[in-house]
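Going down the list, the protein sequences come from chains E and L.
Residue numbering for the first sequence follows the working numbering, starting at 737 and increasing by one per position.
Residue numbering for the second sequence follows the working numbering, starting at 737 and increasing by one per position.
In this text, a Cβ means the ideal position worked out from N, Cα and C, and glycines have one as well.
Following: one structure in structure tokens, then a few remarks.
Protein chains: 2
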Amino acid sequence: MNDNLQMQSPPSPEPQLHMSADEFRQHGYALIDWIAEYLDHSERYPVQAQVQPGEIAARLPDAGPEWGEDFANIIADFESDILPGITHWHSPNFFNYFAISATGPSILGELLTAALNVNGMLWLTSPAATELEGRVTDWLRRWLQLPDSFQGIITDTASISSLLAMAAAREALDRNIRSEGVSGRDLPRLCAYTSEQAHSSITKAGLALGIGQENIRLIEVDADYRLRTDALTHAVQADSEAGHLPFFVAATIGTTSTTSVDPIPQMAQLCKRHQLWLHVDAAYAGVVALLDEHADLLQGCEQADSIVTNPHKWLFTNVDCSVFWLKRPNLLKRAFSVVPQYLQSAGEINNYMDWGVQLGRRFRALKLWFVLRYYGRRGLAHHIREHIRLARLLADWIDGAPHFERLAPVPFSTVCFRYAPPHTDESEKDDLNRKMHSLINESGAAFISQTVLNKQFSLRVAIGNIQTQEKHIRALWQLLQDTAAQVIS
Amino acid sequence: MNDNLQMQSPPSPEPQLHMSADEFRQHGYALIDWIAEYLDHSERYPVQAQVQPGEIAARLPDAGPEWGEDFANIIADFESDILPGITHWHSPNFFNYFAISATGPSILGELLTAALNVNGMLWLTSPAATELEGRVTDWLRRWLQLPDSFQGIITDTASISSLLAMAAAREALDRNIRSEGVSGRDLPRLCAYTSEQAHSSITKAGLALGIGQENIRLIEVDADYRLRTDALTHAVQADSEAGHLPFFVAATIGTTSTTSVDPIPQMAQLCKRHQLWLHVDAAYAGVVALLDEHADLLQGCEQADSIVTNPHKWLFTNVDCSVFWLKRPNLLKRAFSVVPQYLQSAGEINNYMDWGVQLGRRFRALKLWFVLRYYGRRGLAHHIREHIRLARLLADWIDGAPHFERLAPVPFSTVCFRYAPPHTDESEKDDLNRKMHSLINESGAAFISQTVLNKQFSLRVAIGNIQTQEKHIRALWQLLQDTAAQVIS
């Protein structure tokens, strides 16, 4: 885009009018070129931004411009002032959090969504937005072998999907909570349950709904980091006996630290027995069920009340795109529908604004439709399968290396391990691995994560970028070994 | 894009690999061309989609494809199967809800955001995302003459911004609600207040937080649809005397039906006296304060605790982009921060994930930065000023027409009115205007809204698209008169 620098003009003394079609084409082509280069060569950049806190802000003026500026100037500033502060989630060497991918079809879908700029709050406000959302969530549901009793909706994040699940579960209690609220009433204490390895968003949903952190029981896990059903049963019984009101259980398929899978069928039985809402957080790993060899992954979920999986995690769709299915959307409507006069519309149609908190709804179905069609089920499965193979490969190398130690099973594409040289105690091992984590990430060569498992500091590698190949995993393994040698010496 | 049809290929028996740079360029250019055409000629399409419920869904197969498809096919299907179901928010003849604009710089900003695909949850996960968000929210704050005690954050919607405000207000009560929750405790009933003309999102926020619909007091308004401070005072006192716990007041600058402005300074006094959180919903009209002649619009807001305005409404930024400022972000952190091991990071930095419910955060600051710089304050003011002028013009025509009647003041760009021919009673007037509303929207020539004011069915025209010019308002006025003649005959 630097070619455009010569086109810079001084700030205009006239207000900018609408960007003309010619100007849009010129800058649009330039951006498409830049992105095409970027997508193919994002590994040229250090993965973690090499800047200090405040450094990017200091490059930007305190106040915005009075007069409009040439778009080429803005793009030039993006390259010089913003790009150095970008951590490259698109790099094939990004192994932190859950590694994700924006892909060509999803980026172009988002572009078209931005241009159409429809708000899919009502059917009427763009029938295609509502109906395509129904279709693509249904396509994905079929691929994941979920029963057709589940109806889908696209939200921004699993955080919101899980909040909606908890709100629907609260409404299912039939305690007039919508009308009377929760405070100042003779209501028992509401209690929710999830594993101590569950995602923080479950707790956050409870905080928002006023459940209270101490009433979100974090149930202990077994040696493989799976929720212990006996502990859950015990907790539910204890709360019931204390006069509290258990109402919600969140199971996880692919916990964030180790990607462990909770025992869904047993949890579903328990929930049925105690009339508890079962929500399944499959934000990361749910999509694995579209691989033929993992078609049984979601077994038991057919008995759940709701389930979420995020195409923006491991289905090659840029953020944000979270798919949330539930069997009784009417409960969401009962919990949330508020229809003022200016939003009233007639007929038997889905107005998705009634299904949640947010009135404004981007047309997210479009990019997901692009992705599902561009890759097809088998294409998507191919890439996910390759990531699982790469993780298995890394796990095998770790298992075969005398001074490395794997710290959790590897059911999917995430590997937890540590460097464990002989004659070091736990505290020394923690220090060594902490140093390795910092050195690797600060190098910019790769970006890995960390967690704590059984009080042991663990390195964590999550594989999920569509451009990550075996050569990147080999290079990472070399880097890990080199860095280990460095920190021990 | 139809030129690409000849490039269609049969479904590939090989999994699609990553879209190549060449392929991305080819389809990217084609989409940029399509969008450039669309932005310039969106008025060629009927504004309201001319389809029946189910019609778009019926064009789409029940199941997604097993194998990937050529991208050109997908785009061809977008044009043939999706586009007919789009209601054209981008049309200059879109006057429903609040009319909005995606503009060149915002669309290109969204494109770049999709490609970078960063999640701005932590400072570390892209320092530039966090620091640019701080900068652009600060630029806008200055332009709106808000004091620097307000710190900004970008959320997806005003619905979430207002939910965060209410959650922070609840946390400010210092009643251990984060830890103990609300139910099963000896807490008084929490009460929130807003006007009966406030946006439904205030009520929805209360439903999510478990306040209960009957504890969200909808305070009556005066003849100009502004909240009556005496009624608010009375309600707060009555609740306090009943042993309830008033905690939150939402004022509106630009209510949805009539764009009325609540008496902020008086409400701020009252809130100070009763120690209530004052939140200002200026989602639509807040940006008017960047016009020199309306620099005093937000007077009184300096005493508020929080305020929201939506660049995706009237600041030429595509959805979603809502800017939320509050003085005590620490309360949001107290309410919501949950930091698991794998998200821990060191140092004195802003991790915006701690400021709200959603962990995933798109890099929305980029498109807002593009818009603020491309237009500059004066450029943005120019377009807003023009919309206000056009609304005034339409209001004057209505006032001068013997058989039309304006139903509310026009402080900004929205006009409420009805056709009121002589010798018709209220019920007949309602019927006539209802018919006009349907006929106009079904014609596809313009898309107007409706509301009910003082039990009278009202037509409502909201002007906000950057391409809406005087000629479009003239054509609309002609259409209104013609349609009136049609329904009366």
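- For residue 893 (chain L), the C-beta contacts it makes with chain E under 8 Å involve 1094, 1095, 1096, in order along the chain.
- Counting only Cβ-Cβ distances below 7 Å, residue 769 (chain E) has contacts in chain L at 761, in chain order.
- A straight-line Cα-Cα distance of about 10 Å links residue 1123 (chain L) and residue 1117 (chain L).
- Here the alpha carbons of residue 792 (chain L) and residue 870 (chain E) stand approximately 11 Å from one another.
- Near chain E, meaning a CB-to-CB distance below 7 Å, the residues of the region 789-804 of chain L are 789, 792, 793, 796, 799, 800, 801, 802, 803, 804.
- Neighbours of residue 831 (chain E) in chain L, taken as residues whose beta carbon is under 8 Å from its own, are absent, since the nearest beta carbon is some 12 Å off.
- DSSP, reduced to helix, strand and coil, places residue 781 (chain L) outside both helices and strands of the structure shown, so it counts as coil.
- Contact between residue 760 (chain L) and residue 790 (chain E) is absent: CB atoms are separated by about 35 Å, not below the 8 Å threshold.
- Unbroken alpha helix (DSSP H) runs of no fewer than 4 residues, entirely contained in the region 1027-1064 of chain E, are found at 1047-1050, following chain order.
- Scanning its chain for C-beta atoms nearer than 6 Å, with the 5 sequence neighbours on each side dropped, one finds around residue 913 (chain E) the residues 906, in chain order.
- Among the CB atoms of chain L, one or more fall inside 9 Å of the CB of residue 1114 (chain E).
- Put simply, the backbone Cα of residue 805 (chain L) is about 6 Å away from that of residue 1109 (chain E).
- The residue among E:1184, E:1047, E:874, E:1214 with its C-alpha nearest the C-alpha of residue 893 (chain E) is E:1047.
- Residue 965 (chain L) and residue 1051 (chain E) have their C-alpha atoms roughly 52 Å apart.
- Below 8 Å, too few C-beta pairs join the region 1032-1046 of chain E and the region 920-937 of chain E to call them touching: fewer than three.
- Shown here for residue 878 (chain E): not one same chain residue has a beta carbon closer than 7 Å to its own, the five before and five after excluded.
- For the C-beta of residue 947 (chain E), the chain L residues within less than 7 Å are, from N- to C-terminus, 917.
- Residue pairing by DSSP puts residue 989 (chain L) in a beta bridge opposite L:997.
- The three-state reading of DSSP puts residue 1068 (chain L) in helix, counting H, G and I together.
- Boundaries of the alpha helix (DSSP H) around residue 975 (chain E): 965-977.
- The shortest C-alpha to C-alpha distance from residue 994 (chain L) to any of L:832, L:1102, L:944, L:1173 is the one to L:832.
- Taking each of E:864, E:939, E:880, E:925 in turn and checking the Cα distance to residue 901 (chain E), the smallest one comes out for E:939.
- Of all residues in the region 931-962 of chain E, the ones placed with a Cβ closer than 7 Å to any Cβ belonging to chain L are 936, 937, 939, 940, 943, 944, 945, 946, 947, 948, 949, 950, 951, in chain order.
- Under a 10 Å Cβ-count criterion, residue 974 (chain L) is classified as exposed, with fewer than 16 other Cβ atoms of the shown protein chains found around its own Cβ.
- Nearest neighbour of residue 904 (chain E) by Cα position, chosen from E:922, E:921, E:941, turns out to be E:941.
- Judged by their CB atoms, residue 983 (chain E) and residue 926 (chain E) are nearer to each other than the 9 Å cut-off.
- Neighbours of residue 807 (chain L) across chain E, judged by C-beta separation under 9 Å: 840, 841, 844, 1106, 1109, 1110.
- From the beta-carbon of residue 826 (chain E), the residues of chain L found nearer than 9 Å are 851, 852, 853, 854.
- Scanning L:908, L:1175, L:1022 for the CA closest to the CA of residue 1070 (chain L) turns up L:908.
- Scanning the region 1169-1213 of chain E from its first residue to its last, no whole alpha helix (DSSP H) run of 4-plus residues comes out.
- Residues of chain E with a Cβ closer than 7 Å to the Cβ of residue 1091 (chain L) do not exist, since the nearest Cβ in that chain sits about 11 Å away.
- Partner residues in a beta bridge of residue 788 (chain E), as assigned by DSSP, do not exist.
- Residue environment for residue 970 (chain E): exposed (fewer than 16 other C-beta atoms within 10 angstroms of its C-beta).
- At a C-beta separation below 8 Å, residue 757 (chain E) has these neighbours in chain L: 772, 773, 775, 776.
- In the DSSP assignment, residue 953 (chain L) is bridged to L:929.
- Taking a contact to require three or more Cβ pairs closer than 8 Å, the region 1153-1172 of chain E and the region 766-785 of chain E do not qualify as touching.
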